[in-house]
């Protein structure tokens, strides 16, 4: 890979240069969500995770306070 500006197809991300981080996708976090419809947020996160799997994008899942916030949402 060169360090110059990229254009065209060379400007696109590749799985080798990418990572998906899904942070705090837990029931406790979704229950306190007021800016978006919780079901839509969950469906979008699951869809994004499935797309990452199809394209072999490395994915990191993190949680906080699993004992209080719950396990990672099903489907992730």
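In the numbering used here, the protein residues as written are -11 to 64.
Note that the Cβ used here is the ideal one computed from N, Cα and C, for glycine as well.
- Item | 3-residue-minimum beta strand (DSSP E) runs that sit fully inside the region 19 to 50, ordered along the chain | Qualifying beta strand (DSSP E) stretches, in chain order: 47 to 50.
Going by alpha carbons, who is nearest to residue 37 out of 64, 16, -6, 2? By one-based count along the chain shown, residue 37 stands at place 49. Of 64, 16, -6, 2, the residue nearest in Cα terms is 64.
Quiz item: Near residue 2, which residues of its chain fall below 6 Å by C-beta distance, leaving aside the five closest residues on each side in sequence?
Solution: Residue 2 sits at position 14 when you count from the first residue of the chain shown. Closer than 6 Å at Cβ, skipping near neighbours: no residue.
Whole-angstrom distance between residue 50 and residue -1, CA atom to CA atom
Taking the first residue of the chain shown as position 1, residue -1 is located at position 11. Taking the first residue of the chain shown as position 1, residue 50 is located at position 62. About 29 Å.
In the DSSP assignment, find the unbroken beta strand (DSSP E) run with residue 8 in it and report its ends.
Residue mapping note: residue 8 aligns to position 20 of the chain shown, counting from 1. Segment 8 to 11, the beta strand (DSSP E) holding residue 8.
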